[in-house]
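S.K.: Taking full-length UniProt numbering, the leading residue of the sequence shown gets 1, the next gets one more, and so forth.
A virtual CB, placed ideally from N, CA and C, is assigned to each residue, including glycine.
This is the structure, below, for whatever I ask next.
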Amino acid sequence: MDLESYIRALPKAELHLHIEGSLEPEMMFALAQRNGVTLPWDSVEATRAAYAFSDLQSFLDLYYAGAAALIHERDFHELAMAYFARAHADGVVHAELFFDPQTHTERGIAFETVLDGLERACQEAQTRYGISSRLILCFLRHLSEDEGFATLEQALPHLGRIHGVGLDSSEKGHPPSKFTRLFARCRDLGLHVVAHAGEEGPPAYIVEALDLLQVERIDHGVRAAEDPALMARLAREQVPLTVCPLSNIKLCVFDRLEQHNLRQLLEAGLKVTINSDDPAYFGGYVGQNYLETAIALGLSRAQLKQLARNSLEASFVPEALRSPWL
Ligand code: ADE
Ligand code: ZN
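Pasting the structure below:
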């Protein structure tokens, strides 16, 4: 079996996917036209050409601009259905989708519009593709903790439909400690908790996410490699890392995929998973992330199988329900 078919056939979970980051330029333009929204670019080609990023912030500026095309419930539904079709083709059996309500509520879109469209797609993905899914509300860390509390307030009537919370957006200068009270409240509400840490920020942010936010997974976490004591802890505690190799190259966390530390993390015994982050912007969905990383780092098939298995074990699906995939 060729490598691509081998990877596709591995049952896998995607645990780090920003649904707004799956907005392909073609859909962005179609939605903008339908909704009468003016985008900062003239064409699909000009949009793609603008995807040359120097760091996380240079990406986020475009990502928030593109999200302005999303207005109605059906837009969020179409966006997520397009993602699920791609995920299904890549052998994804379970997906935990991040969404950024503040990106939309700040523009006057109702919280329920976003949630209703995404949830309807999650239900349809189950019947059409047999993919199970969960929604994880991400707080934007460049905003204040009080703004996060206001968003949590809007989420309260819908907690049965939201599985967990995360922390994303500009990492540097916005440490996890800024959100200690908010995450404590979310944990009290019974929500799962994760956070982006150690993507661009220092290893100390990973430690804060673990100790202060008490997260169950670290999103990215690649800068843990700079701190041997933290590496030992992550291996000992088997804290899952949702690593996104193509994202890390596009955002210049590593210069080239051959220099990525995913294999080092895996061989140090950390519970590493492979994910796509914002696939419409970073040049590949989860299957492409597996494939390009396998080639660049010379991963064995046993390692690829381990990565896929890790993703299922690191998911928020209760252990008793995972057996059909393992
Ligand atoms: N929002 C969308 N993608 C992100 C990333 N890679 N890091 C932080 N915030 C994000
Ligand atoms: Zn991310």
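Just mark residue 90 as buried or exposed, buried being the case when its beta carbon has 16 or more other beta carbons within 10 Å.
M.R.: As a working mapping, residue 90 is identified with position 90 in the sequence shown. Counting Cβ neighbours within 10 Å, residue 90 comes out buried, since at least 16 surround it.
S.K.: Buried or exposed, going by whether 16 or more other CB atoms sit within 10 Å of the CB of residue 214?
M.R.: Position 214 of the sequence shown holds residue 214. The residue in question, residue 214, is exposed, as its Cβ has fewer than 16 Cβ neighbours within 10 Å.
S.K.: Quick one: does the C-beta of residue 199 sit closer than 8 Å to a heavy atom of the ligand ZN?
M.R.: Taking the first residue of the sequence shown as 1, we reach residue 199 at position 199. Yes, the Cβ of residue 199 comes within 8 Å of a heavy atom of the ligand ZN.
S.K.: Alpha carbons only, please: which of 123, 34, 234, 292 is nearest the one belonging to residue 248?
M.R.: By one-based count along the sequence shown, residue 248 stands at place 248. Of the candidates 123, 34, 234, 292, the one whose C-alpha sits nearest the C-alpha of residue 248 is 292.
S.K.: Ignoring anything shorter than 3 residues or poking outside the stretch 96 to 158, list the beta strand (DSSP E) runs there in chain order.
M.R.: Whole beta strand (DSSP E) segments, 3+ residues: 132 to 140.
S.K.: For the ligand ZN, is there a heavy atom less than 8 Å away from the beta-carbon of residue 220?
M.R.: As a first step, residue 220 must be located in the sequence shown, where it is residue number 220. Because some heavy atom of the ligand ZN lies under 8 Å away, the Cβ of residue 220 counts as near it: yes.
S.K.: With respect to 8 Å, is the separation between the Cβ of residue 174 and the closest non-hydrogen atom of the ligand ADE below this value?
M.R.: One-based indexing of the sequence shown puts residue 174 at position 174. Checking the Cβ of residue 174 against the ligand ADE gives no.
S.K.: Between residue 56 and the ligand ADE, is the CB less than 8 Å from at least one heavy atom?
M.R.: The count along the sequence shown starts at 1 and reaches residue 56 at position 56. Yes, the ligand ADE has a heavy atom inside 8 Å of this Cβ.
S.K.: Since residue 77 and residue 30 should fall inside the 8 Å C-beta cutoff, what is the C-beta to C-beta distance between them, to a whole number of angstroms?
M.R.: As a working note, residue 77 is residue 77 in the sequence shown. As a working note, residue 30 is residue 30 in the sequence shown. So it is not a contact: roughly 14 Å between Cβ atoms.
S.K.: Distance check for residue 70 and residue 323, CA to CA, integer angstroms please.
M.R.: Translated into positions along the sequence shown, residue 323 becomes position 323. Translated into positions along the sequence shown, residue 70 becomes position 70. The straight-line gap from Cα to Cα measures roughly 37 Å.
S.K.: If you pair each beta-carbon of the stretch 279 to 297 with each one of the stretch 234 to 241, do three or more pairs fall below 8 Å?
M.R.: The stretch 279 to 297 vs the stretch 234 to 241: no contact.
S.K.: So who's on the other strand from residue 14, going by DSSP bridges?
M.R.: Residue mapping note: residue 14 aligns to position 14 of the sequence shown, counting from 1. 95, per the DSSP bridge assignment.
S.K.: Report the option in 50, 114, 312 whose CA atom is closest to the CA atom of residue 62.
M.R.: Mapped onto the sequence shown, residue 62 falls at position 62. When only C-alpha atoms are compared, the closest one is 50.
S.K.: Of all the alpha helix (DSSP H) runs that stay within the bounds of the stretch 217 to 262, which reach a length of 4 or more residues?
M.R.: Segments of the alpha helix (DSSP H) lying fully in the stretch 217 to 262: 228 to 237, 245 to 250.
S.K.: With hydrogens ignored, establish whether the beta-carbon of residue 260 is closer than 8 Å to any heavy atom of the ligand ZN.
M.R.: By one-based count along the sequence shown, residue 260 stands at place 260. Every heavy atom of the ligand ZN is 8 Å or more from the Cβ of residue 260, so no.
S.K.: Residue 98 and residue 162 look like a contact to me (Cβ under 8 Å); what is the Cβ gap, rounded to whole Å?
M.R.: Within the sequence shown, numbered from 1, the residue matching residue 98 stands at position 98. Within the sequence shown, numbered from 1, the residue matching residue 162 stands at position 162. No, residue 98 and residue 162 are not in contact; Cβ-Cβ is about 11 Å, not under 8 Å.
S.K.: Specify the secondary structure class of residue 166 as computed by DSSP and reduced to three states.
M.R.: On the sequence shown, residue 166 is found 166 positions in, with the first residue counted as 1. The answer is strand: DSSP assigns residue 166 an E or B state.
S.K.: Count Cβ pairs between the stretch 107 to 127 and the stretch 8 to 15 that sit closer than 8 Å; are there 3 or more?
M.R.: With the cut-off at 8 Å, the stretch 107 to 127 and the stretch 8 to 15 do not touch.
S.K.: Measuring straight from C-alpha to C-alpha, what distance separates residue 298 and residue 264?
M.R.: Here residue 298 corresponds to residue number 298 of the sequence shown, with the count starting at 1. Here residue 264 corresponds to residue number 264 of the sequence shown, with the count starting at 1. Going from the Cα of residue 298 to the Cα of residue 264 covers about 12 Å.
S.K.: Buried or exposed for residue 318, please, with buried defined as at least 16 other CB atoms from any protein chain shown within 10 angstroms of its CB.
M.R.: Sequence index remark: in the sequence shown, residue 318 carries index 318 (1-based). With fewer than 16 other Cβ atoms within 10 Å, it is exposed.
S.K.: With DSSP collapsed to three states, give me the class of residue 72.
M.R.: Along the sequence shown, read from residue 1 onward, the residue named residue 72 stands at position 72. DSSP places residue 72 in coil when its eight states are reduced to three.
S.K.: When the Cα of residue 150 is compared with those of 199, 7, 181, 55, which residue comes out closest?
M.R.: Here residue 150 refers to the residue found at position 150 when the sequence shown is read from its first residue. The residue with the shortest Cα to Cα distance from residue 150 is 181.
S.K.: Kindly indicate which residue of 296, 289, 218 has the alpha-carbon position closest to the one of residue 86.
M.R.: Looking up residue 86 in the sequence shown gives position 86. Nearest option by C-alpha distance: 289.
S.K.: What residue from 207, 184, 219 has the CA that sits closest to residue 199's CA?
M.R.: For the purposes of this step, residue 199 is identified with residue 199 of the sequence shown, where counting begins at 1. Checked all of 207, 184, 219; the closest Cα to residue 199 is 219.
S.K.: Shorter than 8 Å, the distance from the beta carbon of residue 170 to the closest heavy atom of the ligand ZN, or not?
M.R.: By one-based count along the sequence shown, residue 170 stands at place 170. No - the ligand ZN has no heavy atom lying nearer than 8 Å to the Cβ of residue 170.
S.K.: Which residue marks the beginning of the alpha helix (DSSP H) containing residue 274, and which one marks its end?
M.R.: Along the sequence shown, one-based indexing puts residue 274 at 274. Per DSSP, residue 274 belongs to no alpha helix (DSSP H); it is in the beta strand (DSSP E), 271 to 274.
S.K.: Helix, strand or coil, according to DSSP, for residue 192 in the structure here?
M.R.: If you number the sequence shown from 1, residue 192 lands on position 192. Residue 192 falls in the strand class under three-state DSSP.
S.K.: With DSSP run on the structure shown, which of helix, strand or coil describes residue 61?
M.R.: Taking the sequence shown and counting its residues from 1, the one referred to as residue 61 is at position 61. Helix.
S.K.: How is the alpha helix (DSSP H) around residue 305 delimited, first residue to last?
M.R.: Counting from one through the sequence shown, the residue named residue 305 turns up at place 305. From DSSP, the alpha helix (DSSP H) with residue 305 extends over 301 to 313.
S.K.: Would a C-beta distance cut-off of 9 Å place residue 271 and residue 204 closer than the cut-off?
M.R.: Indexing the sequence shown from 1 puts residue 271 at position 271. Indexing the sequence shown from 1 puts residue 204 at position 204. Contact: no.
S.K.: Under 9 Å, do residue 27 and residue 60 count as touching if we go by C-beta distance?
M.R.: Position 27 of the sequence shown, counted from the first residue, corresponds to residue 27. Position 60 of the sequence shown, counted from the first residue, corresponds to residue 60. For residue 27 and residue 60, no; Cβs fall outside 9 Å.
S.K.: Since residue 207 is in the alpha helix (DSSP H), which residue starts that stretch and which ends it?
M.R.: In the sequence shown, the residue the question calls residue 207 occupies position 207. Per DSSP, residue 207 belongs to the alpha helix (DSSP H) from 203 to 211.
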